[in-house]
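Q: Just so we're aligned: 140 in numbering that gives the first Met the number 0 is position 141 of the sequence shown, and the numbers increase by one with no gaps anywhere.
Don't be surprised by glycine CBs; every beta carbon is placed ideally from N, CA and C.
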Amino acid sequence: MEMTRRTAIKLFASALPAFCVGRTLGAGREVFGEQRRAGEMRFVGTRESLAAYRVPAWFRDAKFGIWAHWGPQSAPEYGDWYARNIYIQGSAQYKYHLQRYGHPSKVGYKDVIPTWRGENFDPDYLVGLYKKAGAKYFVTMGVHVDNFDMWNSRHTRWNAVRMGIRKDVVALFRAAALRHGLRFGVSEHLWIAYKWLSVARGADKEGPLAGVPYDGADPRYADLYGDCPTVYRQLPWDEDGIPEKWKLHWFDRVKDLIDQAQPDFVYCDGHIPFGEIGLSLVAHFYNQNTRWHSGRLEAVYTAKSEQDASHGICVFDKERGVVETDWPYPWQTCTCIGNWHYDVRAKYKSPKRIIDMLVDIVSRNGNLLLNFPLRSDGTLDADEMKILDEITTWMHINGEAIYGTRPWKIFGGGPTVQPHDPKQKYTETSRVDLTAADYRFTTKKHVLYGFFMGWPETGRVLIPALGISQPHVEGRVRHVELLGYGGRLRWNHDKTGLDVRLPPEPPCKHACALKIIGLEV
């Protein structure tokens, strides 16, 4: 239904009595729940107002962030969407849950939550590892689609302070991030939970317990599982059927997360939801962030809708893929080394694949947010540690060509310009490794960096795109060096491109970077 001025005031007056209701919501004059103070409010909940947003320099410079998926769904160590899939008869997680915990008519997700204790959780140690690996921002789970808040929530008993680990995980991670000098962010996946958890109100279709309701049908747990009248075994990722009361509850919860955590980065798992309500939340975040930073807007809000991001009101997030066109604003890829939540069955991306992705994304004006899922006890496994170590070593040598850079006139070239199938939703599933013949560019001040994505067996690298007759090449190369190598290089710059003779051994594994001076950047 359309959110008119009268409807908005009525809804907020009845549903959110603690809020100060804006007087001109329909005209887009005020943000839900806020009163204007003279000279303070920059944004209101309209696309026209939010179009004044500009991506802060810190995000453009950072390029690489690390994310930790962790919460009660980590307790079984059996993959993502556990809180939903245990209620879908026949799924792998349903079968595992039967074996480990029991039938979901008696033992459901509510009974998994107390088993998540995080007995070895050390946020300071973890964030220290992430910083060492080169991350410039860290993102923790705020609330996943399981409807469980990872902070001391004012609006639900299902939170990490009252249940499970019994600690304010968001606050602990925030303190660690600030101690280590990283920008801090939170993710929220809550908006679709109303439909996502509806399966907990269903029942087996066949077998000895066919028709026996799952524990989500028990009204004592409606504040966890919800009261959606339709059971969505096939989940439509849209707002259809979501009532106004849930939309207002979502606003309440996420506003509380923002106000308590004071992040510089908020990740939304989807489009900006719920029309004016969602836009008002974004405006609230931007306004509050400006106050926290004494008048400077340092906020980044990411959404997965090209329509939202194309208006410049937020940062576009491309899940498990890269943008296919020249995106006019800075953007982000979010992905995981394996499964989003920890999964003992998962196979991880190789360090080569991760570094390929990072360089490719940065060359296209993007950032990489990489998830390392934590085990139930709050630790990383041995293979995750090895991947972090390899990223750490590579960043130590090549970070100069990553951090603080901007895209060049072209992002790169070679046989693998498009390393994936663009028709797929998550294009990284078809991604292939880049080769020594593939190259990518970044720039910083007067320097052009040219990455070649593998070590050539010939001992020389040729970058045809830098040929002096190319329309995007202005000037002549005056100096070339190889990051991580202290010796002088022999090179030639002519119509065929930039031809560089390499030392006998590579300075690092995977992609290597040439520092090129003389060309117009």
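1. Look up Tyr77 in the DSSP assignment and give the residues it is bridged to.
2. Of all the alpha helix (DSSP H) runs that stay within the bounds of the segment 250-310, which reach a length of 4 or more residues?
3. Using a threshold of 7 Å, state whether the C-beta atoms of Gly44 and Glu275 are closer than that.
4. Please state whether DSSP places Thr415 in a helix, a strand or coil.
5. Around the Cβ of Cys507, are there at least 16 other Cβ atoms within 10 angstroms (buried) or fewer (exposed)?
6. Can you list, in chain order, the residues of its chain whose CB lies under 6 Å from that of Asn151, leaving out five sequence neighbours each side?
7. In whole angstroms, what separates the C-alpha of Phe58 from that of Val499?
8. Go through the segment 426-488 residue by residue and report every complete run of the beta strand (DSSP E) that reaches 3 residues or more, in order.
9. Report yes if the CB atom of Tyr136 is closer than 7 Å to the CB atom of Phe264, and no otherwise.
10. Is Arg459 closer than 7 Å to Phe450 when the C-beta atoms are compared?
11. Just mark Asp359 as buried or exposed, buried being the case when its beta carbon has 16 or more other beta carbons within 10 Å.
12. On the three-state DSSP scale, how would you describe Val185?
13. Is Tyr328 helix, strand or coil by DSSP?
14. Could you say which of Gly453, Ile409, Thr428 lies nearest to Thr442 if we only look at CA atoms?
15. DSSP three-state call for Trp245: helix, strand or coil?
16. I'd like to confirm the pairing. Which residues does DSSP put opposite Ala558 in its beta bridges?
17. Take the Cβ of Lys254 as the centre, count every other Cβ of all protein chains shown within 10 Å, and call the residue buried at 16 or more, exposed below.
18. Straight-line CA distance for Ser279 to Val299?
19. What is the DSSP secondary structure of Gly171, reduced to helix, strand or coil?
20. Apart from the five residues on each side of it in sequence, which residues of its chain come closer than 6 Å, Cβ to Cβ, to Asp437?
21. If you measure between the beta carbons of Ile85 and Pro103, is that distance less than 7 Å?
22. Cβ of His143 within 7 Å of Cβ of Pro372?
A: Taking the definition as stated:
1. Asp342
2. 275-291, 305-309
3. yes
4. coil
5. buried
6. Val160, Asp167
7. 33 Å
8. 438-443, 446-451, 459-462, 474-481
9. yes
10. no
11. buried
12. strand
13. coil
14. Ile409
15. helix
16. Only positions 0 to 520 of the chain appear in the structure, and residue 558 is not among them; the question remains open.
17. buried
18. 15 Å
19. Residue identity differs from the one stated: residue 171 is Leu in this sequence, not Gly. Leu171: helix per DSSP, three-state reduction.
20. Gly413, Thr415, Met452
21. yes
22. no
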